[in-house]
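Numbered per full-length UniProt numbering, the first sequence spans residues 1 to 864.
For every residue, glycine included, the Cβ atom is placed at its ideal position computed from N, Cα and C.
Below is one structure, written out as structure tokens; the observations come after it.
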Amino acid sequence: MSDFELLSPDGGALSSPFDSVRGGAGGASGARGADPLLDGLNPPQARAVEARGPALLIVAGAGSGKTRVLTHRIAHLIRNKEAWPSQILAITFTNKAASEMRERVAGLLGDAAEGMWISTFHSACVRILRREAERFGYVAGFTIYDSADSRALLKRIIKETEADSYGFTPANTSAKISRLKNELSDADTYAATANEADPRERIFVEIFRTYEQELRRANAFDFDDLIGQTVHLFRSHPDVAAIYQRRFRHILVDEYQDTNHAQYSLIRELTRSVDPDTADRLVPPVREREVDGTGAIPGASLTVVGDSDQSIYAFRGADIRNIVEFERDFPGAEVVKLEQNYRSTQNILSAANAVIGNNFDRQEKNLFTTEGDGEKITGFTGYSQHDEARFVAEEIEDLHRAGLAYGDIAVFYRTNSQTRALEELLIRSAIPYRVLGGTKFYERAEIKDAMAYLTSLANPYDPIAWSRLLGVPKRGIGPMAEAQLAVFQEAQGISFHEAMLRADEIGFGPKVRGAILGLGELLRAARMAAGGGGTEDPEVEKKPTPVADVLKLILDETEMIEKLRAKRDPQDEARAENLEELVSVAREFDVRNPGAGLLEFLTEVSLVAAADELDDQSGTVSLMTLHTAKGLEFPAVFITGVEEGLLPHQMSVDEIGGINEERRLMYVGITRARKRLYLTLASTRATYGDIGVAMPSRFLQEIPDSLIDWRQTPGEVTSRGGTESRALNAPRGEGRSGSRSSRSSGRPESSVVFGRGGGSGAAAVAEPASGNMQSALDKWRERKRLAKEAQAAGGGFPNLVGTSIRDNGDLELAPGDRIRHEDYGEGRVTGITGEGSKRVAHTVFDSVGERKLLVKLSPITKVE
DNA sequence: CTTATGAGTCTTTTT
DNA sequence: GACTCATAAG
């Protein structure tokens, strides 16, 4: 109940909490006239802060200051005493966005910001579900299944129902179930409309139904349930819904264009009014000022922020109609458009506008800035992805030398698999980087193993966690023993932990029984240590034990780390380190959340998003997918792999609206850049292990030629990679260093060239102006044909730079040595820094000048 | 019951 | 080319 203390303050107290808060932002000490919260906002922004009414849609183009508007709007509501912090619910897309918003609101309001709910959809729902779980057959300690857990469960179900012969796989089944859940469907609803005559349909219904039952038995929710079950809870328990409908008077939703039907429904439920009857039954009783004339509590005011041009999550159910039809959905809604961009240069915005303008089904909207043109966009086509990555690495070094911090640079790509080539070159070049998302820390096998123990402590009925921990470390408990235990557990209706402690009732061999009993004892001890319910002694459960201590106990007792270290595989050392890292993550959590327990830790871990890993202080280049990049910004941005089949992705080409969504993805990528934007591609790309030819993306042709300064156009790519490619990169003609800032009036020249296209004979492409996309394309097509022939002839490609892992660990280098590098040719070492495997050779190459090289991994040899 | 080997599948994008 | 999975041998 403590959450509600601030809910219905009496009139006198209303003003008191705010008196001490003054001038958090502006410092305009108490002046009545100019509102510091509106200071420096443009008219539409100010309107978005001040507008009141039942519903507000803020159409916020990229970089138009929407976070500022949102935070100021919240602060404005509170500062004007229109709302208490506890009456605010703000939903963001990632935890990082949530904490940023929380910090910024706190910066404006100070302590007065305490008590607001600022979180993601999923976190907010977990909070509600944990509180209300008992009302519908769950326990507060429920487990959250991530997609891997769901798939593990589905795998078992598919096997048991022998559905695999019908083409059901964990992946496709999970995708289908997820899609249905996002539509708020369930097995029964689906069964009602399913075609009974189709055996595949019948089987799917059976799988779906079993999956639902198993989740419930496991006391677990999957990701989609978190939203869907909350909606379900609200709809089936109006009295519970009323608690939240009453409490939240102002609901703000960010990235509204990416909400799916379930999330939309959740918002609808939360903003519903409470009818007089239900309001009457509420505890504590409603006050007069909370209700309208009829005794009903009016619905909360709703503010949504979004940009339909940035809708990129259709694949997981995001429905663009939510934002497009907002005005119809919420009558009386006001719409404010923010079009002035405060992030990027005009050149970058022009490119973005040009690309997105090709989406016919959108509302006209044009971003503009008063910042000036800035530098041109840089284009580069590598021969291979290796070549492309090399360019990225070199350019990053150049930017860094020019004074840009590594942390100001980001590299985007469409698919996670593109990281490999990039990473390789970044490592070699001794550039600090980090990959956001991808195979996340928490998805690593050893981390999941350790986490399974913790999950099982919190939820001893969770079969996925339990089954996982049985096998790690190896202790002789195999599938047979597991199955028998599971049967026993189900028959007795007890937890897995209890079942293990009663292993002697099942009749195992002495060795297996010993192992099971030992493990059961360990879990019991750990459960007691964690302060969980397994204790008879009521004295014991007081303050929760630090999560790190529980984890340490498990790791020590199971000797997981030692056992990894004892193995030969060098990968296992890294795994051991990951486990140690997990302990420090837990320790940090304990410090950050004193009084929180295992459950909070598990929840937090389950809901981390890729972008949450971003740390502004890290001083490293950030690598991420275009999806992860949404909502972020960087002074310098590389978008790599701008090729047909990759961006737009092959998979999207046949989907309806697929290309438009890919185009929005491109748009999102471009608009992340503040000052410098690079678009890179490769003319060949390895997929599935063998090398295919790649075409430049259609999106490149949608950008006016005058905006891109091509260092190497698709047509110029030579089939000879390696050292000589540099000659082609070298500045040509007037050189690019001098007249880079072509005035806004200076575009005719290149557009004339552009228009010439067509005829293959327009040959003289080798001329200085490298920015001719059309003829470049022709040339490129010719190359592609040749390349295909060459490959068909079995000759393969000449000079393909090997990607084999090398190790120069023992190579001794000293200043003055001459070395030969596969890509850069010969050069002289000027200095060595770093220790052991992190030794870096600073080298001046004859052809390309100064480079940093990681000695251990660079393709170098010493020249005598 | 664990481990080694080979075949088969796969790659969009994520909370 | 990498990873998972099934099969067979230790």
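Proximity below 8 Å, CB of residue i to CB of residue j
{"i": "Ile-207", "j": "Ile-157", "result": "yes"}
{"i": "Leu-523", "j": "Leu-623", "result": "no"}
{"i": "Leu-599", "j": "Gly-137", "result": "no"}
{"i": "Ala-526", "j": "Ile-554", "result": "yes"}
{"i": "Ala-393", "j": "Leu-436", "result": "no"}
{"i": "Ser-185", "j": "Ser-147", "result": "no"}
{"i": "Ala-499", "j": "Leu-485", "result": "yes"}
{"i": "Ser-273", "j": "Ala-241", "result": "no"}
{"i": "residue 865", "j": "Arg-663", "result": "A query on residue 865 cannot be resolved here, the shown segment of the chain reaching from 1 to 864 and no further."}
{"i": "Ala-300", "j": "Val-291", "result": "no"}
{"i": "Thr-687", "j": "Phe-638", "result": "no"}
{"i": "Ser-150", "j": "Asp-222", "result": "yes"}
{"i": "Glu-702", "j": "Asn-358", "result": "yes"}
{"i": "Ser-683", "j": "Pro-648", "result": "no"}
{"i": "Gly-631", "j": "Ala-611", "result": "yes"}
{"i": "Arg-216", "j": "Tyr-166", "result": "no"}
{"i": "residue 882", "j": "Arg-839", "result": "The displayed coordinates of the chain run from 1 to 864. Any statement about residue 882 would go beyond what the structure contains."}
Three-state secondary structure (DSSP) of residue i
{"i": "Asn-260", "result": "strand"}
{"i": "Leu-614", "result": "coil"}
{"i": "Phe-142", "result": "coil"}
{"i": "His-237", "result": "coil"}
{"i": "Val-591", "result": "helix"}
{"i": "Arg-444", "result": "coil"}
{"i": "Trp-466", "result": "helix"}
{"i": "Phe-496", "result": "helix"}
{"i": "Gly-514", "result": "helix"}
{"i": "Asp-572", "result": "helix"}
{"i": "Gly-825", "result": "strand"}
{"i": "Ala-455", "result": "Ala is not the amino acid found at residue 455; the sequence shown has Thr there. If DSSP states are grouped into helix, strand and coil, Thr-455 belongs with the helices."}
{"i": "Asp-254", "result": "coil"}
{"i": "Phe-168", "result": "coil"}
{"i": "Leu-853", "result": "strand"}
{"i": "Arg-414", "result": "coil"}
{"i": "Lys-81", "result": "coil"}
Rounded straight-line distance, which links the Cα of residue j to that of residue i
{"i": "Thr-843", "j": "Glu-835", "result": "17 Å"}
{"i": "Glu-644", "j": "Met-695", "result": "5 Å"}
{"i": "Ala-106", "j": "Leu-70", "result": "13 Å"}
{"i": "Val-605", "j": "Phe-589", "result": "10 Å"}
{"i": "Ser-178", "j": "Gly-61", "result": "30 Å"}
{"i": "Asp-309", "j": "Phe-330", "result": "21 Å"}
{"i": "Asn-260", "j": "Arg-316", "result": "8 Å"}
{"i": "Thr-67", "j": "Thr-120", "result": "15 Å"}
{"i": "Pro-276", "j": "Ile-58", "result": "32 Å"}
{"i": "Val-848", "j": "Phe-391", "result": "12 Å"}
{"i": "Ala-814", "j": "Gly-110", "result": "56 Å"}
{"i": "Val-304", "j": "Leu-56", "result": "6 Å"}
{"i": "Pro-546", "j": "Ala-566", "result": "29 Å"}
{"i": "Val-829", "j": "Ile-819", "result": "7 Å"}
{"i": "Arg-362", "j": "Gly-332", "result": "23 Å"}
{"i": "Glu-521", "j": "Leu-37", "result": "59 Å"}
{"i": "Asp-225", "j": "Ile-348", "result": "40 Å"}
{"i": "Glu-581", "j": "Pro-298", "result": "49 Å"}
Any non-hydrogen atom of the ligand NAD closer than 7 Å to residue i Cβ
{"i": "Ser-174", "result": "As presented, the structure is devoid of all ligands, the ligand NAD included, so that no description of it is given."}
Tell me whether the segment 668 to 687 and the segment 445 to 465 touch, counting them as touching only if at least three CB pairs, one residue from each stretch, are closer than 8 Å. no
At 4 residues or longer, and completely inside the segment 332 to 408: list those alpha helix (DSSP H) runs for me, N to C. 346 to 356 and 385 to 401
Along the chain, which unbroken stretches of the beta strand (DSSP E) at least 3 residues long are found entirely within the segment 672 to 718? 673 to 682, 684 to 687, 690 to 693 and 708 to 712
Across the segment 83 to 98 and the segment 252 to 267, are there enough close Cβ pairs to call them in contact, namely three or more that are closer than 8 Å? yes
I'd like to know if the segment 192 to 212 and the segment 232 to 241 are in contact, where contact means that at least 3 CB-CB pairs between them fall below 8 Å. Contact between the segment 192 to 212 and the segment 232 to 241 is absent: fewer than three C-beta pairs spanning the two stretches fall below 8 Å.
Which ranges would you report for the alpha helix (DSSP H) in the segment 267 to 330 if only whole runs of at least 4 residues count? 276 to 281, 321 to 324 and 326 to 329
Kindly provide the ranges of any alpha helix (DSSP H) runs that are 4 or more residues long and lie completely inside the segment 83 to 130, ordered along the chain. 95 to 109
Quick check on the DSSP output: what are the complete alpha helix (DSSP H) runs of length 4 or more inside the segment 626 to 651, in order along the chain? 626 to 629
Given 8 Å as the limit, is there contact between the segment 508 to 517 and the segment 486 to 495, that is, 3 or more CB pairs closer than that? no
Do the segment 363 to 383 and the segment 403 to 416 make contact, defined as three or more Cβ pairs closer than 8 Å? no
Segment contact flag, the segment 379 to 389 with the segment 608 to 617, C-beta cutoff 8 Å, min 3 pairs: Counting Cβ pairs under 8 Å, fewer than three are found: no touch.
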